[in-house]
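Visitor: Have a look at this one.
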Amino acid sequence: MELLLDEILKDLETELGLKEESDAAVLASKIKNAAREVRLKRSYPEHFTEEQIVKDLEKHYSNIRELALYDFNQAGAEGQTSYNENGTNRTWKSRNDCLMGVFAYCR
129 MELLLDEILK DLETELGLKE ESDAAVLASK IKNAAREVRL KRSYPEHFTE EQIVKDLEKH
189 YSNIRELALY DFNQAGAEGQ TSYNENGTNR TWKSRNDCLM GVFAYCR
């Protein structure tokens, strides 16, 4: 699991151009939370091994990445759906859109 989280962290650090260690620490926390959320949503059967879970989570790389990025970009604006100031307009998509395609595991 750590390899997946590290890969997402490195990719997002590069994409966002993060230089500060504190920003990277916040991003790492958002990635870990996103992975946990996807894992909970998948609701794996009890007989699944950690190896099977990690292999499945790797298929949801983009969901975990997108959810972590969404949460990172929302820092300081939690709960807002739009923002308008001095001609700058922002509208955020629904956070649930980041989880599109993530369903509970079926036998």
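Just add 128 to the spot in the sequence shown (first one is 1) and you have the numbering used here.
For glycine and all other residues, C-beta sits at the position ideal for the given N, C-alpha and C.
I believe leucine 195 touches alanine 152 by the beta-carbon criterion, under 8 Å. Please report the beta-carbon distance rounded to the nearest angstrom.
Guide: Taking the first residue of the sequence shown as 1, we reach residue 195 at position 67. Taking the first residue of the sequence shown as 1, we reach residue 152 at position 24. Their Cβ separation, rounded to whole angstroms, is 17 Å, which puts leucine 195 and alanine 152 out of contact at 8 Å.
Visitor: Which of the three DSSP states, helix, strand or coil, is assigned to tyrosine 211?
Guide: The sequence position of residue 211 within the sequence shown is 83, counting from 1. If DSSP states are grouped into helix, strand and coil, tyrosine 211 belongs with the strands.
Visitor: Is it right to say cysteine 234 is buried, meaning 16 or more other beta carbons lie within 10 angstroms of its own, or is it exposed?
Guide: Working through the sequence shown from its first residue, we reach residue 234 at position 106. Result: exposed.
Visitor: Could you check the C-alpha separation between valine 166 and phenylalanine 231 for me, to the nearest Å?
Guide: For the purposes of this step, residue 166 is taken as residue 38 along the sequence shown, with counting starting at 1. For the purposes of this step, residue 231 is taken as residue 103 along the sequence shown, with counting starting at 1. Looking at the two C-alpha atoms, the distance is approximately 9 Å.
Visitor: May I ask you to list the residues that DSSP assigns as paired with asparagine 201?
Guide: What you label residue 201 is simply residue 73 of the sequence shown in a count that begins at 1. None; asparagine 201 has no bridge partner.
Visitor: Less than 8 Å between the CB atoms is what I'm expecting for isoleucine 181 and isoleucine 159, so what's the real figure, rounded?
Guide: Within the sequence shown, residue 181 is the residue found at index 53, counting from 1. Within the sequence shown, residue 159 is the residue found at index 31, counting from 1. About 16 Å separates the two Cβ atoms, so there is no contact after all.
Visitor: In or out: histidine 188 buried (at least 16 other Cβ within 10 Å) or exposed?
Guide: On the sequence shown, position 60 is the one that residue 188 refers to. By the 10 Å Cβ count, histidine 188 comes out buried.
Visitor: Taking C-alpha atoms, which residue in Lys147, His175, Asn191, Gly204 lies nearest to methionine 228?
Guide: Here residue 228 refers to the residue found at position 100 of the sequence shown. Out of Lys147, His175, Asn191, Gly204, Asn191 has the C-alpha closest to the C-alpha of methionine 228.
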